[in-house]
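Counted from 1, the sequence shown has number 62 at position 62 by this note's numbering; the numbering is strictly sequential. By construction, the Cβ of each residue, glycine as well, lies at the ideal position given by its N, Cα and C atoms. As the structure is a computational prediction, the values presented were derived from the model and not from experiment.
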Amino acid sequence: MSEMAVIEFAEPGGPEVMRLARRPVPEPGPGQVLVKVTAAGVNGPDLKQRKGAYPPPPGASDLMGLEVSGEVVALGEGAGRWKTGDRICALTNGGGYAEYVTIDARHCLPVPEGVDEVDAAGLCETYFTVWSNIFHGHSIPEGGVFLVHGGSGGIGSTAVQLGAARGLRVFSTAGTEKGLDFIRSLGAERAINYRTEDFVEIVKEAGGADVILDFMGGDYLPRNLAAARIDCRIVQLAFDRGIKAELNIGLLMTKRIILTGSTLRPRPPEFKATVARELEAEAWPLFKAGKLRTVTHKVLPMAEVVEAHRMLEAGGHRGKILLKM
């Protein structure tokens with residue numbers, strides 16, 4: 001166990017810059033666990049890091065990979081509840097594209113009951129993201145309208161499921177019939193074809209959105225404002241349709257809309273630990289109850305990481321793309 005296989009890149013660029021390499025196995029520090037990785041999730045921030053647009057924060061691993069599942073094989077001092085042999089899934093601060101990774105013990109969760117360990121690798125990045133932005137510290141009335149753009153992707157499919165499981169009326173967009181059927185299967189009350197339907201009018205007919213989760217940006221922002229009801233909260237997680245938008249500030253004021261953006265990786269460790277506790281208490285039991293399920297699009301071996309990144313960049317996937325280590 002002195003060396004491990006990792007995926008690294010020497011210079012930023014396309015998927016082809018990634019390569020397999022060997023590095024020493026890290027040792028867990030205080031409050032950390034060492035995990036033998038079963039699988040790692042492939043996420044948008046990994047693509048950005050590979051392109052040189054999302055550098056790791058100070059002190060973080062230079063390797064990609066923000067979520068894993070696996071077995072605890074060593075403990076640092078003060079690692080808390082965990083013991084060697086525990087099967088966990090976890091949010092990492094980087095380093096997941098490797099056979100071993102050290103992780104803050106507070107950011108680990110048990111694999112939910114009834115969930116396959118490989119599939120569990122795709123849980124934490126999306127669940128931490130959705131929970132921290134939509135439910136943590138926020139009260140949404142039961143039966144409130146939750147508009148999720150891009151409900152067939154990794155974060156979107158998690159948002160649709162969590163919203164439906166918590167009693168919200170979920171409206172979600174997709175661009176194909178397969179995508180629409182998939183969103184419905186996750187619990188969406190209304191699946192909207194953004195190519196042929198106007199989500200603004202459909203959501204307004206339902207009384208307007210209480211909360212909106214958006215990855216599009218650009219010209220979607222003023223349309224989101226139009227679809228919002230009084231005191232709506234709009235959470236911006238990406239800007240696939242452009243970084244700039246023109247909006248009616250008067251509408252923002254009269255509807256008392258809260259517009260917020262978010263990134264997860266730079267958040268303080270204590271915040272992530274709080275989110276982990278809330279997820280284990282409030283979301284993880286819903287897997288056993290059958291109200292939540294993993295959504296895995298494809299599992300690829302570690303050596304096929306180039307194909308995994310190309311697949312994610314191409315879009316059209318439903319759920320998570322995973323690398324099996």
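Contact between the stretch 269-288 and the stretch 236-250 is absent: fewer than 3 CB-CB pairs across the two stretches fall below 8 Å. Pairing residue 149 with residue 297, the inter-Cα distance amounts to about 19 Å. As DSSP reads the structure, residue 321 sits in a beta bridge with 42 and 298.
Taking a contact to require three or more Cβ pairs closer than 8 Å, the stretch 66-73 and the stretch 85-103 qualify as touching. For residue 100, the uninterrupted beta strand (DSSP E) segment begins and ends at 100-104. For residue 224, the enclosing alpha helix (DSSP H) has its first and last residue at 220-227. Only residues of its own chain outside the window of five on either side were considered, and among them 17, 18, 19 and 50 have a CB closer than 8 Å to the CB of residue 9, listed in chain order. Remark: C-beta atoms of residue 210 and residue 141 approach each other more closely than 8 Å. Looking from the CA of residue 293, the closest CA among 23, 179 and 185 belongs to 185. Taking C-beta separations shorter than 7 Å and ignoring five residues to either side along the sequence, the partners of residue 241 in its chain run 216, 217, 218, 219 and 220, following chain order. The C-alpha of residue 30 is placed about 43 Å away from the C-alpha of residue 231. Shown here, residue 71 sits in a strand according to DSSP, grouped into three states. As for any beta strand (DSSP E) of minimum length 3 sitting wholly inside the stretch 90-175, the runs are 100-104, 108-110, 145-148 and 169-174, ordered along the chain. Contact between the stretch 33-48 and the stretch 115-123 is present: 3 or more CB-CB pairs across the two stretches fall below 8 Å. Closest by C-alpha distance to residue 151, out of 126, 57, 201 and 105, is 126. A distance below 7 Å between beta-carbons, with the five flanking residues on each side excluded, links residue 158 to the following residues of its chain, in chain order: 126, 127 and 130. For residue 305, the closest of 25, 235, 11 and 43 by C-alpha to C-alpha distance is 43. Following the DSSP letters along the chain, one finds residue 211 inside the beta strand (DSSP E) bounded by residues 209-214. Approximately 19 Å separates the beta-carbon atoms of residue 252 and residue 237; this is outside 8 Å, ruling out the contact.
Comparing alpha carbon positions, the residue from 168, 192 and 70 closest to residue 177 is 192.
Rounded to whole angstroms, the gap between the alpha carbons of residue 87 and residue 109 is 9 Å. Within the DSSP bridge table, the entry for residue 8 names 19 as partners. Assigned with DSSP and collapsed to three states, residue 178 falls in helix.
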